[in-house]
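Protein chains in written order, with the working numbering: chain A, 1 to 253; chain B, 1001 to 1166. Read the structure below first, then the notes.
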């Protein structure tokens, strides 16, 4: 029973960290997006993801011994971040890369939450059922932009294609499994990541084709986020995310 | 005397008090109009529990709503009332009351179409809340809050908010 609880805690952390880290990345675009409307869109999508992260991290923290709050986990955790490396990649001001990542990640979240809504774990099922419609809207937004940029000017086409190449080595990780997930899948709690590969890649391939772009062929595959192995870029992201909470412990306003 | 809220009549009165809590971002709507208020109940000791559900996972209005609910119940003699958040069943714009839709329209926000969250996406014309023209178009899929999109009217040329179907 305790082992199952530890597994569920880690699983909730993984999904919560995915949502939190991408929320932070999207927040970086506010006031720097290509259009004013896009500033608002990035903030809104980030806010949805932040809400999902809060529910998932609160739940994970409630299962830990000693109990941790969502803020403890978000602001005071240095190591053991469980997010996939895909969400931590820095956009470096490249809007195409932001949209390429959002397309893949939201397509993945759509399939994940649709299946997780039937989880035997009631909390995970409730979060997934709630978030499913939100991520569908995100996927639609990313789709519109990839179509517009891919099937746009020669310049936007080239840059959108480069963005897909930049993101692609990090896509495979979200379909990977490990012993923990395998145990939770057997218990009817988690979703088998391998089962998401076909529907997610089918969706992305269709958008990529309509956008007159080429789906990259996997060559290098980066992985390790679920084991706490991350790129250098996550460190800078966390420094910014945690700066105020660490500089002013316990501050409220 | 300690107030014990176990009588159905008193629970109905408390529900009426809580139902008047306005949404902080759309103050013409109450949490009852929105379908955010799910339940008002009491345990055997008379402790009142109010159950609310967010419109979107990240809706920042929830904390303000919970504070407002607690302070109104405290004023009614229930200082120990608990506010509980639930995610399931997931909120949908189908839960918005008819009077809520009417109030939104009068406030200048185009209400969501009834039953718009079904499996088949329907494209219904959105009427301008200012002049009533159906000749409108979407400017931005995202708006000033998570639940709204930005539209404009081709007839009167005014921009307006639209409550998204969800």
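Ideal placement from N, C-alpha and C gives every residue a C-beta, glycine not left out.
Residues of chain B with CB closer than 8 Å to the CB of residue i, please, in chain order.
| i | result |
| --- | --- |
| residue 163/A | Per Cβ cutoff of 8 Å: no residues; residue 163/A is ~21 Å from chain B at best. |
| residue 155/A | Going along chain B, no residue has its Cβ under 8 Å from residue 155/A, so there is no contact; the nearest lies around 24 Å. |
| residue 28/A | Result: empty, since nearest Cβ-Cβ is about 17 Å, beyond 8 Å. |
Taking buried to mean at least 16 other C-beta atoms within 10 Å of its own C-beta, is residue i buried or exposed?
| i | result |
| --- | --- |
| residue 59/A | buried |
| residue 1078/B | buried |
| residue 229/A | exposed |
| residue 47/A | buried |
| residue 36/A | exposed |
| residue 1166/B | buried |
| residue 1144/B | exposed |
| residue 3/A | exposed |
| residue 1009/B | exposed |
| residue 141/A | buried |
| residue 239/A | exposed |
| residue 1002/B | Note on residue 1002/B: pLDDT 48, under 50, position unreliable in the model; the coordinate value appears next. Answer is exposed; the Cβ neighbour count stays below 16. |
| residue 38/A | buried |
| residue 82/A | buried |
| residue 224/A | exposed |
| residue 219/A | exposed |
| residue 1030/B | buried |
| residue 1080/B | exposed |
| residue 5/A | exposed |
| residue 18/A | buried |
| residue 1100/B | buried |
| residue 1061/B | buried |
Spatial neighbours of residue i within its chain, please: CB distance less than 8 Å, with the 5 preceding and 5 following residues excluded, ordered by chain position.
| i | result |
| --- | --- |
| residue 1017/B | 1072, 1073 and 1076 |
| residue 286/A | There is simply no residue 286/A to check, as chain A begins at 1 and stops at 253 in what is shown. |
| residue 236/A | 90 |
Chain B partners of residue i, CB-CB under 9 Å?
| i | result |
| --- | --- |
| residue 177/A | What residue 177/A touches in chain B: nothing, since even the nearest Cβ is about 26 Å away. |
| residue 41/A | 1140, 1141 and 1142 |
| residue 70/A | Those do not exist, as residue 70/A stays about 12 Å from chain B at its closest Cβ, beyond 9 Å. |
| residue 111/A | What residue 111/A touches in chain B: nothing, since even the nearest Cβ is about 16 Å away. |
| residue 173/A | Those within 9 Å of residue 173/A in chain B number zero; the least Cβ separation is about 24 Å. |
| residue 88/A | Neighbours of residue 88/A on chain B: none; closest Cβ ~20 Å, over 9 Å. |
Quick one: which chain A residues come within Cβ less than 7 Å of residue i?
| i | result |
| --- | --- |
| residue 941/B | One cannot answer for residue 941/B here, as it falls past the ends of chain B, which runs 1001 to 1166. |
| residue 1057/B | 48, 51, 52, 55, 130, 131 and 134 |
On the premise that residue j lies in contact with residue i, defined as a C-beta separation below 8 Å, what is that separation, rounded to the nearest angstrom?
| i | j | result |
| --- | --- | --- |
| residue 1051/B | residue 1086/B | 6 Å |
| residue 191/A | residue 103/A | Actually they are not in contact, since the Cβ atoms of residue 191/A and residue 103/A sit about 20 Å apart, beyond 8 Å. |
| residue 53/A | residue 16/A | 5 Å |
| residue 25/A | residue 87/A | 7 Å |
| residue 1129/B | residue 1163/B | No, residue 1129/B and residue 1163/B are not in contact; Cβ-Cβ is about 10 Å, not under 8 Å. |
| residue 134/A | residue 1057/B | 6 Å |
| residue 1036/B | residue 1065/B | 7 Å |
| residue 1055/B | residue 1091/B | 5 Å |
| residue 1155/B | residue 1138/B | Between residue 1138/B and residue 1155/B the Cβ distance is about 15 Å, and since that is not below 8 Å, they are no contact. |
| residue 12/A | residue 56/A | 5 Å |
| residue 1082/B | residue 1038/B | Between residue 1038/B and residue 1082/B the Cβ distance is about 14 Å, and since that is not below 8 Å, they are no contact. |
| residue 163/A | residue 92/A | Not quite, the Cβ-Cβ distance comes to about 11 Å (not below 8 Å), so this is no contact. |
| residue 222/A | residue 109/A | Not really, about 19 Å apart at Cβ, beyond 8 Å. |
| residue 1097/B | residue 1033/B | 5 Å |
Can you check DSSP and say which residues form a bridge with residue i?
| i | result |
| --- | --- |
| residue 1020/B | Bridge partners of residue 1020/B: none, in fact. |
| residue 1151/B | 1138/B and 1160/B |
| residue 1049/B | 1041/B and 1082/B |
| residue 1030/B | 1022/B |
| residue 1110/B | 1162/B |
In chain B, which residues lie with their C-beta within 7 Å of the C-beta of residue i?
| i | result |
| --- | --- |
| residue 181/A | None at all; the shortest Cβ gap to chain B is about 23 Å. |
| residue 32/A | Here the premise fails: no neighbours, minimum Cβ distance about 16 Å. |
| residue 44/A | 1142 and 1146 |
| residue 141/A | 1141 |
| residue 198/A | None at all; the shortest Cβ gap to chain B is about 22 Å. |
| residue 209/A | Under the 7 Å cutoff, chain B gives no residues; its nearest Cβ is about 22 Å from residue 209/A. |
Mind pulling the chain A residues with CB within less than 8 Å of residue i?
| i | result |
| --- | --- |
| residue 1088/B | 122, 125, 126, 129 and 130 |
Going along the chain, which residues of its own chain have a beta-carbon closer than 6 Å to the beta-carbon of residue i, five neighbours each way excluded?
| i | result |
| --- | --- |
| residue 1116/B | Unreliable placement is indicated for residue 1116/B, whose pLDDT of 48 sits below 50; the coordinate value is still reported in the next sentence. Excluding positions up to five away in sequence, the list reads 1165. |
| residue 138/A | 45 and 106 |
| residue 241/A | 24 |
| residue 75/A | 242 and 245 |
| residue 22/A | 49 and 87 |
| residue 189/A | 119, 120 and 121 |
| residue 123/A | 59 |
| residue 199/A | 111 |
By the criterion of Cβ-Cβ separation under 9 Å, what are the contact partners of residue i in chain A?
| i | result |
| --- | --- |
| residue 1166/B | 133, 134 and 137 |
Going along the chain, which residues of its own chain have a beta-carbon closer than 7 Å to the beta-carbon of residue i, five neighbours each way excluded?
| i | result |
| --- | --- |
| residue 204/A | 103, 104 and 107 |
| residue 1126/B | 1110, 1136, 1151 and 1162 |
| residue 193/A | 174, 175, 176, 177 and 181 |
| residue 325/A | Outside the shown range of chain A (1 to 253) lies residue 325/A, about which nothing can therefore be said. |
| residue 68/A | 61 |
Should residue i be listed as close to the ligand ZN, given that the test is whether its C-beta is under 8 Å from any heavy atom?
| i | result |
| --- | --- |
| residue 1142/B | Among the components modelled here there is no ligand, and therefore nothing to report on the ligand ZN. |
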